[in-house]
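Here's the structure, in structure tokens; my notes come after.
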Amino acid sequence: MRAAIAGDAGAYRLFLEAVTPYLRALTRRRGARFGAAGSDAEDIVQEVLLAIHLKRGSWDATRPIGPWISTIVRNKLIDALRRRGRQVNVPIEDVIDTLEAEEPPDSLEQRDVARLLARLKDPQRDIVQSISVEGSSVRDTATRLKMTEGAVRVALHRALKALAVLYRSGPG
Amino acid sequence: MKTNDLIAALAQDAPVRWRLGKAVAAAMAGGAAVAGAIFFIGIGVRPDVMQAVDTVRYLFKFVVTLTLAVTATGLILHLARPGVPLGAWRWALIAAPALLVAAVVAEMIVMPTSTWGVRWIGTNARWCMTLIPLMALGPLTLLLLALRLGAPRHPGAAGAIAGLVAAGIAATFYAAHCPDDSPLFVATWYTLATGIVVLIGYFAGKRVLRW
Chain A
-5 MRAAIAGDAG
5 AYRLFLEAVT
15 PYLRALTRRR
25 GARFGAAGSD
35 AEDIVQEVLL
45 AIHLKRGSWD
55 ATRPIGPWIS
65 TIVRNKLIDA
75 LRRRGRQVNV
85 PIEDVIDTLE
95 AEEPPDSLEQ
105 RDVARLLARL
115 KDPQRDIVQS
125 ISVEGSSVRD
135 TATRLKMTEG
145 AVRVALHRAL
155 KALAVLYRSG
165 PG
Chain B
26 MKTNDLIAAL
36 AQDAPVRWRL
46 GKAVAAAMAG
56 GAAVAGAIFF
66 IGIGVRPDVM
76 QAVDTVRYLF
86 KFVVTLTLAV
96 TATGLILHLA
106 RPGVPLGAWR
116 WALIAAPALL
126 VAAVVAEMIV
136 MPTSTWGVRW
146 IGTNARWCMT
156 LIPLMALGPL
166 TLLLLALRLG
176 APRHPGAAGA
186 IAGLVAAGIA
196 ATFYAAHCPD
206 DSPLFVATWY
216 TLATGIVVLI
226 GYFAGKRVLR
236 W
């Protein structure tokens, strides 16, 4: 994370990939108690990842990162569950899921995020689509859209902020 | 979008331009500059300042306002950072009011009852109630902007404490102008003015510090 804050994209990606299974387990375990189903839980994982990303300037690098992450997860989970009206129905299978936290088939969540993406404005949506789903680099995206790399980076950052607001206001 | 795709997008946005501590420090410096500009251009120090600096009452006003600014800043830095224990900062905000209460008690012991009314009402209450909130707006705005980098659990409370910081900065300048030095005056009117700023901070924080 220290390297990431200094701007090392590779290190940052490794960090996010390493922390995601932990987030998934935490979200499932806490979410299952309040009846957040599997695809819902993955939505929350993505929302937490966005929060970690946008709030990483608030981590004091001299402190351990564990409590910082788990506090963010807890706060986001409370918000997400409150938003979903906290319907408590917990089938026992969901609790068993906790033990094997794999990424679920993403049919449901894909539709949700696709809808959120559709609500972004155009250069932003195109850029997020290009860098995330299609996996192109910032440079290729910039060339294709005839923008400077700096402009693409700024637009990407704004788009991620906008996505976090959309998550927060709930799907739909 | 799969979670891994999202991670790919996040990784491309790796560098952090502003960290919370640096941003809050910049906001305080900028806020003090804005409040200071209003102060020196608009109102200035009081004419008899050379005599005033020799009196305990005048200097004590700065002790209170600076204590407020420092303790509220310490608290807000802890509240805006997830997972950082508050520790002794939980009690920090008591310091400034406790100093004021002690000073009020001392004033009431030292001064005859007949002078309390004049000392309490002062000559400048309306200015105090207007200028402190006015000079606090700059620091408050900059602080709220900086705190958007943070992740406070209760956005309203964080905004209110940012209001305390801003009021502390504004009141420090205002105290240099204000001819009323009695703790009775300070405890009443400075507190009311601070309350206005805290209220603004609370409602603004509720809106802009959500995450």
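Taken in sequence, the protein lines are chains A and B. Taking this note's numbering, I'd label the letters of the first sequence as residues -5 to 166. Taking this note's numbering, I'd label the letters of the second sequence as residues 26 to 236. Even glycine gets a Cβ: it sits at the ideal position worked out from N, Cα and C.
Give the single residue among the options whose Cα lies nearest to the Cα of residue i.
{"i": "TYR83/B", "options": "PRO208/B, PRO137/B, GLY230/B", "result": "PRO208/B"}
{"i": "ASP190/A", "options": "ASP79/B, ALA97/B, PHE228/B, HIS103/B", "result": "There is simply no residue 190/A to check, as chain A begins at -5 and stops at 166 in what is shown."}
{"i": "SER64/A", "options": "VAL13/A, SER130/A, ARG(-4)/A", "result": "VAL13/A"}
{"i": "PHE87/B", "options": "ASP38/B, THR96/B, ALA200/B", "result": "ALA200/B"}
{"i": "ALA195/B", "options": "LEU100/B, ALA105/B, VAL59/B", "result": "VAL59/B"}
{"i": "LEU154/A", "options": "ALA5/A, LEU44/A, ILE59/A", "result": "LEU44/A"}
{"i": "ILE63/B", "options": "ALA229/B, VAL95/B, GLY163/B", "result": "GLY163/B"}
{"i": "LEU118/B", "options": "LEU169/B, VAL135/B, ILE225/B, GLY99/B", "result": "GLY99/B"}
{"i": "GLY60/A", "options": "LEU20/A, ILE38/A, ASP116/A", "result": "LEU20/A"}
{"i": "THR148/B", "options": "LEU35/B, LEU234/B, VAL211/B", "result": "VAL211/B"}
{"i": "THR92/B", "options": "LEU125/B, PHE65/B, ARG106/B", "result": "LEU125/B"}
{"i": "MET160/B", "options": "GLY56/B, ALA34/B, ILE146/B, VAL109/B", "result": "GLY56/B"}
Where does the unbroken alpha helix (DSSP H) through residue i begin, and where does it stop?
{"i": "MET133/B", "result": "120 to 135"}
{"i": "ALA136/A", "result": "132 to 139"}
{"i": "ILE101/B", "result": "81 to 104"}
{"i": "SER139/B", "result": "138 to 146"}
{"i": "HIS202/B", "result": "180 to 202"}
{"i": "ARG115/B", "result": "Element bounds for ARG115/B: n/a, residue is neither H nor E."}
{"i": "SER207/B", "result": "Here SER207/B belongs to no alpha helix (DSSP H), and DSSP marks it neither H nor E."}
{"i": "ARG50/A", "result": "Neither: ARG50/A is in no alpha helix (DSSP H) and is coded neither H nor E."}
{"i": "ASN29/B", "result": "28 to 36"}
{"i": "PRO72/B", "result": "Where PRO72/B is concerned, there is no enclosing alpha helix (DSSP H), given that its DSSP letter is neither H nor E."}
{"i": "VAL146/A", "result": "143 to 162"}
By the 10 Å Cβ neighbour count, where 16 or more other Cβ atoms means buried, how is residue i classified, buried or exposed?
{"i": "ASP206/B", "result": "buried"}
{"i": "GLU36/A", "result": "buried"}
{"i": "LEU111/B", "result": "exposed"}
{"i": "GLN76/B", "result": "exposed"}
{"i": "TRP62/A", "result": "buried"}
{"i": "TRP236/B", "result": "buried"}
{"i": "ALA167/A", "result": "Here chain A comprises residues numbered -5 to 166, so residue 167/A is not present and cannot be evaluated."}
{"i": "GLU41/A", "result": "buried"}
{"i": "VAL222/B", "result": "buried"}
{"i": "PHE228/B", "result": "exposed"}
{"i": "THR96/B", "result": "buried"}
{"i": "LYS49/A", "result": "buried"}
{"i": "VAL81/B", "result": "exposed"}
{"i": "ASP73/B", "result": "exposed"}
{"i": "PRO158/B", "result": "buried"}
{"i": "ILE66/B", "result": "exposed"}
Following a CB-centred definition, is residue i positioned closer than 8 angstroms to any heavy atom of the ligand ADP?
{"i": "HIS103/B", "result": "Looking at this structure, you won't find the ligand ADP or any other ligand, since it has none at all."}
**Message:** Can you confirm whether the region 50 to 59 of chain B touches the region 174 to 182 of chain B when touching is taken to mean that 3 or more C-beta pairs between the two stretches lie within less than 8 angstroms?
**Reply:** Too few Cβ pairs lie closer than 8 angstroms, so no.
**the region 41 to 60 of chain A contacting the region 41 to 50 of chain B, beta-carbon criterion three pairs below 8 angstroms** = Under the 8 angstroms Cβ criterion, the region 41 to 60 of chain A counts as touching the region 41 to 50 of chain B, having at least three qualifying pairs.
**Prompt:** Taking three-plus beta-carbon pairs below 8 angstroms as touching, is the region 151 to 168 of chain B in contact with the region 211 to 218 of chain B?
**Reply:** Enough Cβ pairs lie closer than 8 angstroms, so yes.
**Item:** Meets three-Cβ-pair contact criterion under 8 angstroms: the region 184 to 192 of chain B and the region 123 to 131 of chain B
**Value:** The region 184 to 192 of chain B, when compared against the region 123 to 131 of chain B, does not touch it at the 8 angstroms Cβ threshold.
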